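A.B. asks: At position 38 of the sequence shown the residue is numbered 74 (the working numbering), and the sequence of numbers has no breaks.
Even glycine gets a Cβ: it sits at the ideal position worked out from N, Cα and C.
Just so you know, these numbers come straight off a predicted model, no measurement behind them.
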Amino acid sequence: MRRISEIDFGILITAISITGMGLAGIWAARGGFSSYFSRQVLWLFIGIIAFFVFALIDYEKLVSWSAWFYAGLIIILLILARGRGISSWFKFGSVWIQPSELGKLIVPLFLTRILYKKASFPLSLNDLVKIGAVVGLPSVLIAIQPDLGTAFVYSAFIFAPLLIYGIKRTHLNIALLFLAVFTIFMWFFFLKDYQKERITSFLNPSDEPRGSGYQVYQSKISIGSGRLMGKGLKEVSQARLKFLPAAHTDFIFSVIAESFGFLGILVLLFLYLILFTRIYRIGDFLDSEKAFLLLLLTSSWIAFQTVFNLLITLGLFPVTGFPLPFMSYGGSDLITAYSSLGIINSVKAWRWK
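Structure below.
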C-alpha cells in the first residue's frame, strides 16, 4: 500500500484524459464506433495495467536486469533485419510484438546502468561512444526494417544525457561532424526514393501539394477548417472522405483540430503541459543520480515524439511516420507510453527503500 500511495495519480489521470481525446478523434476519423475504437479502448486498459505493474517494480531491479533485456532486443532486431522490408513485428506465441517499441523501455534502462557513477561531468569522448553505440545499434536495425520514424525517435536518448552531464565544445564539434557525414551517407546509400521525396517536399511544399507533400497539405486544410470551435465529431470531412491519410494514427492531431477547433487544440496542449510538468516535478523529490537519470531518459522519447509529431502535422518538419503519444491509434505505442509512465512512477515510489 505504501508504494501505491506514492504513485502520482495526476500523471495517470492526465494521460487517460489525453487518450480520451484521442478516442474521440478515432471515432470522428472512422465515422463512429468501429473495431479501431474498441481495440484502442482495450489497449488503454492493458496500458493502465502495465502502468501499475511497472510502477510497483523497484526501478533498480529493472536497471540491473537491463543488460539481459537489451541483449534480447538486439537479437530480435537482428532476426527481423534478415527479412528487410518484410515486417517490423515479432510473433511470440499468439501475440505480435513490435520490438522497436519495447526498445523505448529497454534503452533508457540500459543507458542508466552504463552511465550511473561511470560518466564524467561533462561527458568524455568514451562516454559519448558508449551512448552512441547503445542507441545507434538498435536504431540502425530498426531503420533497416524499414522504420525510419522510430529510429529517429531514438535520438532522444542521446540528447537526454547531454542535458544532464553536458559536453565539451571539442567533443560537440566532433559529434556534429560525425552527424553531417552520417547524414550524407544516409541520403546517398540508404534512404529510399519516397523518403527523399518527403524531405524535398518539406523544403519546397508548393511544388508537390498532390504528391509527396499531400499529407501535410491536407493536414493544414483540416486544421484550418476547424476554426475556433470546430465542426464537431460528425462533420469531420477531411478524414471521413479519406482526403487525409493516416488520420487516426500519425495525423490524429489534425482530426482533433477539425473536430474541436482552436479551443480544442488549446485544451490538448494544456493537458500535455500538465503531463510533462508533473513528470519533471518528480525530479524535485529525488536525491539519487540513478533515479534522476532514468526519469529523464524514460520521459525523453515521449516529449521528443510529441513535439515532432505536432511539428509534422503543422508542416514544420518532414513526415517521418510516428504516432502522437497517448492519442494515436495503435496498441504498441499506447501500451509502451503507459509503461514508461509506470517506470517514471517507480522512480518516485521506490525512492525510499
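According to DSSP, is LEU200 part of a helix, a strand, or is it coil?
C.D. replies: The sequence as given places Ile at residue 200; Leu does not occur at that position. Helix.
A.B. asks: Between ALA65 and VAL291, which are expected to be in contact by the criterion C-beta below 8 Å, what is the C-beta distance as a whole number of angstroms?
C.D. replies: Contact flag correct, Cβ pair sits at about 5 Å.
A.B. asks: Can GLY366 and PRO359 be called in contact, C-beta distance under 8 Å?
C.D. replies: Against a cut-off of 8 Å, the Cβ pair of PRO359 and GLY366 comes out as a contact.
A.B. asks: Which same chain residues, not among the five before or five after LEU159, have their C-beta less than 6 Å away from its C-beta?
C.D. replies: Contacts found: TYR201 and ILE203.
A.B. asks: Work out the CA separation of PRO361 and LEU347 for me, nearest whole Å.
C.D. replies: The alpha-carbon atoms of LEU347 and PRO361 are separated by roughly 14 Å.
A.B. asks: How long is the line joining the alpha carbons of ALA293 and GLY58, rounded to whole angstroms?
C.D. replies: Whole-angstrom Cα-Cα distance: 11 Å.
A.B. asks: Could you tell me whether the segment 319 to 327 touches the segment 176 to 195, where touching means 3 or more Cβ pairs closer than 8 Å?
C.D. replies: The answer is no - the segment 176 to 195 does not touch the segment 319 to 327, with fewer than three Cβ pairs under 8 Å.
A.B. asks: So, at 8 Å on beta carbons, what are the nonlocal neighbours of GLN341 in its own chain, with the 5 sequence-adjacent residues on each side left out?
C.D. replies: Closer than 8 Å at the Cβ level, and outside the excluded window around GLN341, lie VAL189, ALA192, PHE358, PRO359, LEU360 and PRO361.
A.B. asks: Mind checking which residues open and close the alpha helix (DSSP H) that includes GLN254?
C.D. replies: Counting along the chain, the alpha helix (DSSP H) containing GLN254 begins and ends at 250 to 261.
A.B. asks: Is the beta carbon of LEU329 sitting closer than 8 Å to the one on THR148?
C.D. replies: Yes. Within cutoff.
A.B. asks: Thinking C-beta only, is ILE380 closer than 8 Å to ILE318?
C.D. replies: Yes. Within cutoff.
A.B. asks: Where do the N-terminal and C-terminal ends of the alpha helix (DSSP H) with GLU325 fall, by residue?
C.D. replies: GLU325 -> alpha helix (DSSP H) spans 325 to 349.
A.B. asks: To the nearest angstrom, how far is it from the Cα of ALA169 to the Cα of ALA327?
C.D. replies: Cα to Cα, the separation comes out at about 22 Å.
A.B. asks: Taking buried to mean at least 16 other C-beta atoms within 10 Å of its own C-beta, is ALA91 buried or exposed?
C.D. replies: Per the 10 Å Cβ criterion, buried.
A.B. asks: Under 8 Å between the Cβ atoms of ILE84 and TYR374?
C.D. replies: Taking 8 Å as the Cβ cut-off, ILE84 and TYR374 qualify as a contacting pair.
A.B. asks: Note the first and the last residue of the continuous alpha helix (DSSP H) segment covering MET265.
C.D. replies: That residue, MET265, is in no alpha helix (DSSP H); it is neither H nor E in DSSP.
A.B. asks: Verify whether the separation of the beta carbon atoms of ILE150 and ILE194 is less than 8 Å.
C.D. replies: Cβ atoms of ILE150 and ILE194: not closer than 8 Å.
A.B. asks: DSSP state of LEU159, grouped into three classes?
C.D. replies: Residue state, collapsed to three classes: strand.
A.B. asks: Rounded to whole angstroms, what's the CA-CA distance from ARG263 to GLY61? Just pull it up for me.
C.D. replies: Using only the alpha carbons, I get a separation of about 16 Å.
A.B. asks: Determine the DSSP secondary structure at ILE142, reduced to helix, strand or coil.
C.D. replies: Of the three classes helix, strand and coil, the one that applies to ILE142 here is helix, per DSSP.
A.B. asks: Please state the DSSP three-state secondary structure of ILE380.
C.D. replies: DSSP places ILE380 in helix when its eight states are reduced to three.
A.B. asks: Output the boundary residues of the alpha helix (DSSP H) element that contains THR313.
C.D. replies: 288 to 317 is the span of the alpha helix (DSSP H), which, as asked, contains THR313.
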